[in-house]
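Below is one structure; the comments refer to it alone.
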Amino acid sequence: MKSTITPREQKAFEKLFSMKRNQPTESPVKRKSSSMDKNNSPNAIVKSAVTGHKRRERSTPEFPASLRPMAEEARVREQAARDARQGIADANHDGAIESMYDHTKAIMEAARTDFYLWKRLKEHVLDRAAALELDPMTTEYQQDAVKTWQRLQRRLEYALPTVSAAQKTSSDLTFMTANLPGLLLHFIDLMRTRFPASLLALNVLPSLKKLGPSVFALGASTALYNAHMRQLYEKYPLNVPAIVEVLTEMDREVYAFDDETLEIVEDVIAEGTRCREGHAGPALRVVYHADTMVRAGRHLLKWREVMQQRREEEALRVAREMYAEAEASGEMEDVGVHRRRPVQNDALGVRMLAGL
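Numbered per numbering that gives the first Met the number 0, the sequence shown spans residues 0 to 355.
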């Protein structure tokens, strides 16, 4: 391979290198030999580039034309075998994660009392999440959770067999990322069905917050907030301001409201209306006419309006996307639909799409 540098360009390079060498520095250092100057010359740089190109060319084996199809077939088979080995490893890993999930659920389901059910969730789920140390261990609660899991881990085999400490941590993180939200909801469901009088289900959300923002983000979800609100309203039906606080927190932490959230709010509003009108007795009528309950009721009405508005906006967005996709693919013309711009404020159509 010949150099493409012209004599004029080479002289310019030599001049630049000469200026660079003669440029004064703040703390000059003596060179051990003049070999560095030779290596930095334009000719040396060009020669190095040519040599490197030839070396790269030699690194790729050249087969005769008659053997190239066989070589390509061998390369494809080797890649397929490598992919198959990776697929088996991934399947084994996924199977182990699923096995751990089923085992953890079984541990909780074997609890005979609400206290032991909570204890097992704390030790096998929440403390395990804390042991990932995704957040600085700044509180005694976090430190105790990590120590509890470490003691439990010494007695029980949770990690994949024959793995390093780094792989074990990665396995725990994978397990928690995939299963922490589901395990928390499973615990609340067990509490609701087996121990309906227990208040321990209300501990899940506050305990998750104590483990730090990263662990909280790992386990919290709209479904968890809904389950917490449902439990809160069932156990303390007169604490309507607490429901308002949870809704405010959901919106602040950017957990989207869904149909179940709206259903809970509408249930609370309907019950409040019934009590204010005296259908639940004079005592509750007085309670619901108190200033605190009146303010909470107004906040609930505002939140319901916000949820309905967001549902309509989402339904309109989906309708516009569907219209745009159909128009782009030509489906509108194929079925003979008259082309027109989508309406901007078709309230009836939006409500029909939103299921209102």
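Yeah, the Cβ is synthetic: ideal placement off N, Cα and C, and Gly gets one too.
How about residue i and residue j: do their beta carbons lie closer than 8 Å?
i: arginine 119; j: tryptophan 148; result: no
i: leucine 183; j: glycine 211; result: no
i: histidine 227; j: leucine 201; result: yes
i: serine 213; j: tyrosine 254; result: no
i: proline 240; j: alanine 295; result: yes
i: histidine 298; j: valine 243; result: yes
i: leucine 131; j: methionine 99; result: no
i: leucine 204; j: leucine 189; result: no
i: tryptophan 117; j: leucine 179; result: no
i: glutamine 256; j: arginine 316; result: Here residue 256 turns out to be phenylalanine, not glutamine, going by the sequence shown. Going by C-beta atoms, phenylalanine 256 is not nearer than 8 Å to arginine 316.
i: leucine 125; j: alanine 110; result: no
i: phenylalanine 194; j: aspartate 101; result: no
i: valine 286; j: leucine 237; result: yes
For the alpha helix (DSSP H) that contains residue i, what are its first and last residues?
i: arginine 111; result: Where arginine 111 is concerned, there is no enclosing alpha helix (DSSP H), given that its DSSP letter is neither H nor E.
i: alanine 325; result: 290-328
i: aspartate 266; result: 258-275
i: serine 220; result: No alpha helix (DSSP H) holds serine 220; DSSP gives it neither H nor E.
i: valine 285; result: 281-287
i: tyrosine 140; result: 139-154
i: serine 197; result: No alpha helix (DSSP H) contains serine 197, which DSSP labels as neither H nor E.
i: methionine 249; result: 239-251
i: alanine 129; result: 126-129
Apart from the five residues on each side of it in sequence, which residues of its chain come closer than 8 Å, Cβ to Cβ, to residue i?
i: glutamate 265; result: Arg303
i: isoleucine 106; result: Arg119 and His123
i: proline 135; result: Gly211
i: valine 267; result: Tyr232, Val239, Ile242 and Leu299
i: glutamate 252; result: Ala219
i: tyrosine 235; result: Ala241
i: glutamate 108; result: Leu189
Under a Cβ-count criterion, where at least 16 other Cβ atoms within 10 Å of its own Cβ denotes burial, should residue i be classed as buried or exposed?
i: serine 197; result: buried
i: alanine 73; result: exposed
i: threonine 137; result: exposed
i: aspartate 171; result: buried
i: lysine 146; result: exposed
i: methionine 249; result: buried
i: alanine 383; result: This structure cannot settle anything about residue 383, because the visible part of the chain is limited to 0 through 355.
i: leucine 300; result: exposed
i: threonine 260; result: buried
i: leucine 231; result: buried
i: leucine 155; result: exposed
i: threonine 103; result: buried
i: glycine 271; result: buried
i: methionine 321; result: exposed
i: glutamate 77; result: exposed
i: tyrosine 115; result: exposed
i: arginine 150; result: exposed
Report yes if the C-beta of residue i is less than 7 Å from at least one heavy atom of the ligand SAH; otherwise report no.
i: glutamate 77; result: The ligand SAH is not part of the structure shown, which contains no ligands of any sort.
Leaving out five residues before and five after residue i in sequence, what residues of the same chain have Cβ atoms less than 6 Å from its Cβ?
i: leucine 246; result: Trp302
i: leucine 207; result: Phe215 and Gly218
i: glycine 277; result: Arg284
8 Å is my cut-off, CB to CB: does residue i come that close to chain B?
i: valine 214; result: Here chain B cannot be found, since the structure has a single protein chain.
Suppose the cutoff is 7 Å on Cβ atoms and the five residues either side in sequence are ignored; what does the same chain contact list for residue i look like?
i: arginine 229; result: Ile263
i: tyrosine 140; result: Lys209
i: histidine 181; result: The question names histidine, but residue 181 is glycine in the sequence shown. Cβ within range, chain order: n/a, list empty.
i: alanine 177; result: Ile96
i: alanine 279; result: Arg273
i: threonine 173; result: Ile96
i: threonine 291; result: Pro240
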